[in-house]
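One structure is given here, and the rest of the page talks about it.
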Amino acid sequence: MMTARDNLLYFLYLHRTGLTVLALSVLLLVWPLLESNPYNLGLSNLIAIYAIVVLGLNLFIGYAGQISLGHAAFFAIGAYGSAIGTTTLGGPAWPVMIVVALAVSLVALALGLPALKLSGHYLAMATLGFNIVVYSILVQWDKVTGGPSGFSGIPYLSIGSVVFDNEIAFHYLVWTVAMIALLLCLNLVRSGVGRGLAALAEDETAAAALGVDTRRAKVKVFILSAVLASVAGSLFAHCYAFVSPDSFNIFVSVDFVIMVVVGGMGSIWGTLFGTALITLLPEWIEALESYKDIIHGLILVLILLFLPQGLVTGIVDAVRTRIALSRHHA
Amino acid sequence: MLELRNVSKWFGGLPALQDVSFCMEPGQVTALIGPNGAGKSTLINCISGVDRAQSGSICLAHHPIGALPAHKIAALGVARTFQNLKLFARLSVLDNVLTGLTVAAKRSFTVSMLRLPALRHLERQLRLRALEALDDFGLAKKAHWPASSLSYGEKKRVEMARAFVSDPRLVLLDEPVAGLNTEETAQIARHIRRQRNAGHTMLLVEHDMELVMDVADQVVVLDSGRCIACGKPEVVRSNPMVLEAYLGRMEATA
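Sequences listed follow chains A and B, in order.
Going by this note's numbering, the first residue of the first sequence is number 1, and it counts up by one from there.
Going by this note's numbering, the first residue of the second sequence is number 1001, and it counts up by one from there.
Laid out in structure tokens, this is it:
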């Protein structure tokens, strides 16, 4: 017979993912009441925006086992698309965001179809090249993009009479989107599609023999991650009302990859940790500010040398193996 | 069930398979034997779509599959194991077996991301099937272990559970007992016999002649890419060409 306690434990176990998401959501709901410093709120908002990009990128790198050094470009197209669509063309913000995301999905399809025939170094180079092209356009085409000095005067987002024009309002907006993205990604990886992607990451031949359409799956994940980056870019533009090319250069792409690596390959929860850590690191240690890229590079090299699955995943995997073996011997 | 006609394959100028033809009946175990380098694994790769034969035809239930990509062949109900284990080390044992149900799972990204009740229900059914398969292969207790922490023999069994979990029409087993000790080999032999009794059609590539003679209904012998004999195990065993391929040219010793 199952006692009430067993029932409760089983319920908790069965709904562990949903309950963790719920707990985190409650924490995020009360966070602005506890933290009144707008600077800190601004930081946590930036974490949310980056997390949306990195969640998608982790599906592509950590699950599907591919590499992209060009996701800042999709982030840029989202941001500049929304900026130009709402400011220059005067479109309504939300529909523009959706149109831009659809456009980005087409760009990702056009880039992904040929590029995803490549793998490893070649794919890294192709996506890096794409990022450089997009960055150059942002800098050179100054009539449309505002050039190196940036694009200002982007309107704030609003829903009805609620205008998202301060840190607390942003907090609820960006974290809502981030939590939805988190939930969608968690659902995806817990499904047959997610297992297919994980299989693909480890062994393409075996995945194909099990019925995974490897080429199609890779392109789909690439598009999904690009769309998430685009949405995050749109939010970024509307939150800061200003965008400049420096937020989208290749070092930002590399930072996204580092966030994935710190969070761990194929760990959705780790993604939040990795994003937060890399975003906050320069804030905690002032000396890091000027040597940021060096430090980030060092972190990347060290983790990949010693824990190739990524920091969080590597530790979790090791602990799991330990527990399994100790139970076995007990 | 499976019909191969004049299947040929070259690697560069080197013939790996030359005009291989044979048929497999449903519910039967066909063993594919031959010396190293005879083209056994190449043939399995061609049937499962991992590799492609350059000429000849491969038909599954009268449906040509020779030109299909691997995932489409899998969708038609062909499952396989690999000679060098191809388990997903980072996934749990259960998730490894669940990847064997890829064809039965929903393939839509949108449906998966929304995880509506219908999908939850399907996922729960798939999990039960996977656990059942693990139980069949005596691994239910280790369902939540990371696959990397299993022993070699256990990994072989997980691969077999992954191949059989979807109840496929045809299972290709590439050297299921290679590298195993006698006890583990006997265990795998029991599993193969049980799957045959359950009505599964299997193509078994194997060096272990004892196992082959024990479980096979039909034996196909390959030598340097040619099919040199095909028939019942006891007939093939006494075929002089087979003896020659295995033991070298027999000198007249009288």
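Don't be surprised by glycine CBs; every beta carbon is placed ideally from N, CA and C.
- At a cut-off of 8 Å between C-beta atoms, methionine 1202 of chain B does not count as an interface residue with respect to chain A.
- Taking 7 Å as the cut-off between beta carbons, the residues of the region 1020–1048 of chain B near chain A are Ser1048, in sequence order.
- Residue-level contact by beta carbon fails for asparagine 7 of chain A and chain B, as no gap is shorter than 8 Å.
- Chain A has a Cβ within less than 8 Å of the Cβ of arginine 1107 of chain B.
- Take the alpha-carbon of aspartate 6 of chain A and the one of tyrosine 13 of chain A: they are about 10 Å apart.
- Residue pairing of histidine 1063 of chain B in beta bridges, as defined by DSSP: B:Leu1060.
- Within the same chain, and ignoring the five residues on either side of aspartate 293 of chain A in sequence, the residues whose Cβ sits closer than 7 Å to its Cβ are Phe251.
- Put simply, the CB of glutamate 286 of chain A is far from chain B, with every gap to its CB atoms at 8 Å or more.
- The three-state secondary structure of threonine 279 of chain A, taken from DSSP, is helix.
- Residue-level contact check: arginine 320 of chain A touches chain B, since one or more beta carbons of chain B fall below 8 Å from its beta carbon.
- One Cα belongs to glutamate 1183 of chain B, the other to arginine 1190 of chain B, and the distance between them is close to 11 Å.
- Pairing arginine 1127 of chain B with aspartate 1136 of chain B, the inter-Cα distance amounts to about 14 Å.
- Restricting attention to alpha helix (DSSP H) runs no shorter than 4 residues, the region 78–129 of chain A encloses them at 93–115, ordered along the chain.
- Chain B places a beta carbon closer than 8 Å to that of serine 191 of chain A, counting this residue as a contact.
- The C-alpha of cysteine 1023 of chain B is placed about 46 Å away from the C-alpha of aspartate 317 of chain A.
- Glutamate 35 of chain A sits in coil when the DSSP states are folded into three classes, being neither helix nor strand.
- Nearest neighbour of leucine 29 of chain A by Cα position, chosen from A:Thr205, A:Asn58, A:Ala169, turns out to be A:Ala169.
- Judged by their CB atoms, leucine 1222 of chain B and glycine 1039 of chain B are nearer to each other than the 8 Å cut-off.
- By alpha-carbon distance to threonine 86 of chain A, the top candidate from A:Gly78, A:Val96, A:Leu55 is A:Val96.
- Against chain A, the CB of arginine 1115 of chain B has a partner CB under 8 Å away; the residue lies at that interface.
- Within the model, the alpha-carbon separation for glutamate 167 of chain A versus tyrosine 80 of chain A is close to 21 Å.
- Per DSSP, reduced to three states, the secondary structure at alanine 1089 of chain B is coil, with no helix or strand assignment.
- For aspartate 255 of chain A, the closest of A:Leu9, A:Thr17, A:Val53, A:Thr3 by C-alpha to C-alpha distance is A:Val53.
- By alpha-carbon distance to arginine 215 of chain A, the top candidate from A:Pro38, A:Ser191, A:Ser119 is A:Ser119.
- Valine 312 of chain A places its beta carbon 8 Å or farther from that of methionine 179 of chain A.
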